[in-house]
Amino acid sequence: MNNNTIMNKAMTKKTVLFVAEAVTLAHFGRMMTLARSLDPTQYRIVVASDPRYLSLEQPFPFDFEPLWTIPGEQFARALAKGQVVYDTKTLARYIEDDLQVLAKIKPDLVVGDFRLSLAVSAPCAGVPYAAVVNAYWSPFANTAYPVPDLPFTKILGLTLGQQLFNAVRPLAFALHARPLNTLRRRHGLTPIGNDLRKVYTWADHTLYADTPELVPCTKLTPNHHYLGPVLWSTKTDLPPWWDQLPDDKPIVFASPGSSGQVNLLSRIIHALRELCITLVVATAGRGELVKASDNVFTADYLPIQAVIQKSQLIICNGGSLTTYEALKAGVPILGLTSNMDQQLNMQAIKKTGAGITLRSQSSSDTDIAQAANTLLTEKSYHNAAKQAAHTLSRYDSSQRFQGIVAKLVNE
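Just so you know, the sequence shown maps onto residues 38 to 448 in this note's numbering.
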């Protein structure tokens, strides 16, 4: 291949910009996995995100553009109070930042994960936009909406709280959708509609990081596509104690994730203290844990695929990134949920019989211990998890994504 051929090939590369809203690790991780799925000899690949998770992907394999994201703690507080997460002022700043990056990179396609501002900035820049999102947020999803853990549920209880939530949910979803609709009008774009689900999923093409078996939708429009699970693991090394893990007791892996409650791990360790298990804990960088006993092994981050392969039970906040890793390995799940995203995800898993969901706000140590023991000892949960693994094995999200990107950049 001569120099002219190499130069011409480089000049014809299409540029794909991946934008991750780094309020949780899952959004960053999914963008990294999909970016890695593309052939760098065919595409110029650029990742834009808040740099808070960059240390987990070193050496970084792509061009990187820093892009400010609100603190994860601010995001979690707003969810816990039922407040609007992204007000008009915040989204307006996001749009300005997006437009600067889009003007600099000049992508042929932008792929976003929970970067809601791209519903304004991408069309304003004339760039095709694909959004990666979980299917339970789709307006086409066949799902019920459990009330999240909010201040009023502590007062009313779950039964009355759910009834109240059912009555006000359309209004609440409209309230959360208002800032983006306001900014679309301001930029001369048609409003998306008074529905949070449309705000979460609006794009030229919407890509669901789920399977239709787990999260079914009806009457999908042609620009909505199932990718299958988009999995990701940190590139961190295994800790020194890894080879010392005893194999004479079941291994239980626990992690709060980047969006779980800070005190969740301490509660789990205390709740499971009487069970005959080995407990492996990843704090997700959210605080140090004092080693409670000889059967507890802790680290900030762990390569989740390696850990889950050795585990008989996964305990987490119910987020999709960890639960899909567990299902892929055929391991049952105990989800200790707090926000609606986690509850919607665990609601789908519970229907498969591969997991149990508890609300972290209202569950006791006894509840957690009993659920963990049930999942460890009852074969039906393990059989359901293995069946889920068989179903997931039919989906190659990277291959599906490659096909969609190839089509979009050549339209």
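Using N, Cα and C, we set each Cβ at its ideal position, and we do this for glycine too.
Just mark residue i as buried or exposed, buried being the case when its beta carbon has 16 or more other beta carbons within 10 Å.
{"i": "residue 46", "result": "In this prediction, residue 46 scores a pLDDT of 48, lower than 50, which makes its location untrustworthy; no coordinate-derived value is stated."}
{"i": "residue 185", "result": "buried"}
{"i": "residue 135", "result": "buried"}
{"i": "residue 225", "result": "exposed"}
{"i": "residue 292", "result": "buried"}
{"i": "residue 300", "result": "exposed"}
{"i": "residue 203", "result": "exposed"}
{"i": "residue 70", "result": "buried"}
{"i": "residue 354", "result": "buried"}
{"i": "residue 21", "result": "Residue 21 falls outside the range modelled here, since the chain spans only 38 to 448, and no answer is possible."}
Give me, in chain order, the residues of the same chain whose beta-carbon lies closer than 6 Å to that of residue i; leave out the 5 immediate sequence neighbours on both sides.
{"i": "residue 145", "result": "51, 52, 446"}
{"i": "residue 219", "result": "125"}
{"i": "residue 347", "result": "288"}
Within its chain, find whatever has a CB closer than 8 Å to the CB of residue i; leave out the 5 residues flanking it on each side and keep chain order.
{"i": "residue 118", "result": "187, 188"}
{"i": "residue 124", "result": "216"}
{"i": "residue 437", "result": "262, 263, 264, 265"}
{"i": "residue 214", "result": "229, 230, 231, 232, 233, 235, 236"}
{"i": "residue 256", "result": "177"}
{"i": "residue 429", "result": "248, 265, 266, 361, 364, 365"}
{"i": "residue 321", "result": "62, 292, 293, 294, 295, 297, 337, 338"}
Roughly how many angstroms separate the alpha carbons of residue i and residue j, rounded to a whole number?
{"i": "residue 199", "j": "residue 377", "result": "12 Å"}
{"i": "residue 303", "j": "residue 233", "result": "34 Å"}
{"i": "residue 43", "j": "residue 140", "result": "Note on residue 43: pLDDT 43, under 50, position unreliable in the model; the coordinate value appears next. Straight-line Cα distance between these residues: approximately 26 Å."}
{"i": "residue 526", "j": "residue 182", "result": "Only positions 38 to 448 of the chain appear in this structure, which leaves residue 526 out of reach."}
{"i": "residue 57", "j": "residue 67", "result": "8 Å"}
{"i": "residue 114", "j": "residue 121", "result": "10 Å"}
{"i": "residue 279", "j": "residue 176", "result": "44 Å"}
{"i": "residue 419", "j": "residue 369", "result": "6 Å"}
{"i": "residue 285", "j": "residue 130", "result": "54 Å"}
{"i": "residue 282", "j": "residue 333", "result": "10 Å"}
{"i": "residue 63", "j": "residue 92", "result": "15 Å"}
{"i": "residue 414", "j": "residue 405", "result": "14 Å"}
{"i": "residue 78", "j": "residue 89", "result": "28 Å"}
{"i": "residue 54", "j": "residue 99", "result": "10 Å"}
{"i": "residue 441", "j": "residue 97", "result": "25 Å"}
{"i": "residue 381", "j": "residue 393", "result": "13 Å"}
{"i": "residue 315", "j": "residue 340", "result": "18 Å"}
{"i": "residue 306", "j": "residue 379", "result": "21 Å"}
{"i": "residue 308", "j": "residue 342", "result": "25 Å"}
Can you list, in chain order, the residues of its chain with a C-beta nearer than 7 Å to that of residue i? Leave out the 5 residues immediately preceding and following it.
{"i": "residue 385", "result": "173, 251, 252"}
{"i": "residue 38", "result": "Caution applies to residue 38, whose pLDDT of 48 falls short of 50 and renders its modelled position unreliable; the model cannot decide the point."}
{"i": "residue 260", "result": "241, 242, 243"}
{"i": "residue 410", "result": "312"}
{"i": "residue 74", "result": "435, 438, 439"}
{"i": "residue 161", "result": "136, 224"}
Pull up the DSSP beta-bridge partners for residue i, would you.
{"i": "residue 57", "result": "86, 150"}
{"i": "residue 336", "result": "319"}
{"i": "residue 234", "result": "None, per the DSSP bridge assignment."}
{"i": "residue 80", "result": "51"}
{"i": "residue 306", "result": "For residue 306, which the question treats as bridged, DSSP gives no partner whatsoever."}
Enumerate, from N- to C-terminal direction, the unbroken alpha helix (DSSP H) stretches of 4 or more residues contained entirely within the region 150 to 174. Correct list: 155 to 162.
Taking only runs that begin and end inside the region 173 to 207, name each unbroken beta strand (DSSP E) of 3 or more residues, in chain order. For the region 173 to 207, not one full-length beta strand (DSSP E) segment reaches 3 residues or more.
Which whole runs of the beta strand (DSSP E) in the region 208 to 286 are 3 residues long or more, in chain order? Listed in chain order, the complete beta strand (DSSP E) runs (minimum 3 residues) inside the region 208 to 286 are 242 to 245, 261 to 263.
List, from N- to C-terminal side, the beta strand (DSSP E) runs of 3 residues or more that fit wholly inside the region 84 to 129. Under the rule that a run must span 3 or more residues, the beta strand (DSSP E) segments found entirely inside the region 84 to 129 read 100 to 103.
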